[in-house]
Amino acid sequence: MNNGKLFVVATPIGNLGDITFRAVETLKSVDFIICEDTRVTSVLLNHLEISKPLVVINAHNESKSLERVVERISANESAALVSDAGTPCISDPGIRLVNFAIEKGIEVIGIPGANAAIMALSISGLPTDSFVFEGFLPQKKGRQKKLLQLAEEERTIVLYESTYRIEKLLEELKEYLPTRQIVVGRELTKKFEETWRGTAGKILTDFEKRNKKGEFVLVIAPLNWKTNSPLEKSNEN
Ligand code: SAM
2 MNNGKLFVVA
12 TPIGNLGDIT
22 FRAVETLKSV
32 DFIICEDTRV
42 TSVLLNHLEI
52 SKPLVVINAH
62 NESKSLERVV
72 ERISANESAA
82 LVSDAGTPCI
92 SDPGIRLVNF
102 AIEKGIEVIG
112 IPGANAAIMA
122 LSISGLPTDS
132 FVFEGFLPQK
142 KGRQKKLLQL
152 AEEERTIVLY
162 ESTYRIEKLL
172 EELKEYLPTR
182 QIVVGRELTK
192 KFEETWRGTA
202 GKILTDFEKR
212 NKKGEFVLVI
222 APLNWKTNSP
232 LEKSNEN
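Those letters in the sequence shown? Residues 2 to 238, per this note's numbering, in order.
Now the structure itself:
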């Protein structure tokens with residue numbers, strides 16, 4: 002019985018095969034789907050052969066649409082919240098809707114799935130017992146302060162970055178965190194998925210020879226981290 006519930010549904014971060022059975026069942030069962038961009042969500046729904054009414058909630062209209070959506074769910078309709086890719090509310094819109102729904106006593110149920118940060122962590126080989134997710138760094142104000150903080154960070158750090166700013170970010174990491182091991186994941190789960198490992202300086206050199214287009218996740222080793230890899234140990238002998 003799904004009536005009166007809000008489902009927060011993760012969708013793929015590139016490879017459509019990464020949708021879960023539960024996500025498909027949920028998207029089929031709800032009365033309407035709340036999304037960021039109808040064009041993006043329609044591609045997924047067409048692929049899944051699902052046809053549902055779409056309601057857009059994004060950074061521009063969030064406040065206006067929130068109340069209407071919550072009223073509908075309170076009136077016993079069921080809804081699924083999705084974003085353009087991955088897990089809603091993680092560097093994506095939706096958290097205000099979730100908050101508002103909780104305030105109104107609506108049951109919120111997560112349907113887990115793809116997330117670029119967690120996937121990158123899982124293939125990074127860096128410590129995952131404690132990490133900090135910083136998403137996109139502030140573009141102007143506060144950026145330098147944040148980089149100085151990250152230089153002292155004793156936990157693994159996860160950052161998101163776009164095609165347009167990846168080289169700028171790596172140049173800054175080379176300056177502020179020059180010796181830290183970094184894992185850069187590009188286009189994860191997609192056809193041209195790639196992973197680079199090394200210091201920011203090394204990755205920048207490797208970058209010069211490669212295609213730099215796409216979406217990027219960076220996983221940065223904690224301050225003073227030393228690898229325990231048996232391979233590296235044997236190299237030291
Ligand atoms: N909600 C998404 C999630 O669960 O990961 C993140 C959305 S955020 C607007 C988009 C950013 O996530 C991209 O700029 C990139 O930094 C990262 N990202 C998303 N998909 C990715 C992929 N397939 N490979 C690498 N990074 C990705």
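The beta-carbon is built from N, C-alpha and C at its ideal position, and this holds for glycine as well.
These numbers were taken from a predicted model, which means no experiment stands behind them.
CA-to-CA distance, threonine 180 to leucine 149, given in whole angstroms: As a working mapping, residue 149 is identified with position 148 in the sequence shown. As a working mapping, residue 180 is identified with position 179 in the sequence shown. About 14 angstroms.
Aspartate 38 CB to nearest heavy atom of the ligand SAM below 8 angstroms: Position 37 of the sequence shown, counting from 1, holds the residue named residue 38. Not so, every heavy atom of the ligand SAM lies at least 8 angstroms from the Cβ.
Separation of valine 185 from tryptophan 197, as counted between CA atoms: Along the sequence shown, one-based indexing puts residue 197 at 196. Along the sequence shown, one-based indexing puts residue 185 at 184. Rounded to the nearest angstrom, the two C-alpha atoms are 5 angstroms apart.
Nearest-angstrom Cβ-Cβ length linking leucine 82 and phenylalanine 8, presumed shorter than 8 angstroms: Start at 1 with the first residue of the sequence shown, and residue 82 comes out as number 81. Start at 1 with the first residue of the sequence shown, and residue 8 comes out as number 7. Yes, leucine 82 and phenylalanine 8 are in contact; Cβ-Cβ is about 7 angstroms, under 8 angstroms.
Any 3 or more C-beta pairs closer than 8 angstroms across the stretch 160-177 and the stretch 215-231: yes
Boundaries (first-last residue) of the beta strand (DSSP E) holding threonine 157: For this step, residue 157 is matched to residue 156 along the sequence shown. Element bounds for threonine 157: 157-162.
Inter-residue CB distance, alanine 115 and valine 159 (contact presumed, cutoff 8 angstroms): Reading the sequence shown from its first residue, position 114 is the one you call residue 115. Reading the sequence shown from its first residue, position 158 is the one you call residue 159. At roughly 15 angstroms, the Cβ-Cβ gap does not stay under 8 angstroms, so alanine 115 and valine 159 are not in contact.
The ligand SAM heavy atom lying under 8 angstroms from the CB of threonine 190: As a position in the sequence shown, residue 190 is number 189, starting the count at 1. Checking every heavy atom of the ligand SAM against the Cβ of threonine 190, one is found closer than 8 angstroms.
Residues near serine 66 by beta carbon distance below 6 angstroms, same chain, minus five either side: On the sequence shown, position 65 is the one that residue 66 refers to. Around serine 66: Ile58.
Lysine 146 versus leucine 178: straight-line alpha-carbon distance, rounded: Position 145 of the sequence shown, counting from 1, holds the residue named residue 146. Position 177 of the sequence shown, counting from 1, holds the residue named residue 178. The alpha-carbon atoms of lysine 146 and leucine 178 are separated by roughly 13 angstroms.
Whole-angstrom C-beta distance between isoleucine 74 and leucine 55, which should lie under 8 angstroms: Taking the sequence shown and counting its residues from 1, one reaches residue 55 at position 54. Taking the sequence shown and counting its residues from 1, one reaches residue 74 at position 73. Going by Cβ atoms, the distance from leucine 55 to isoleucine 74 rounds to 15 angstroms, so no, they are not a contact pair.
DSSP state of arginine 144 mapped onto helix, strand, coil: The residue given as residue 144 occupies position 143 in the sequence shown. Three-state DSSP puts arginine 144 in a helix.
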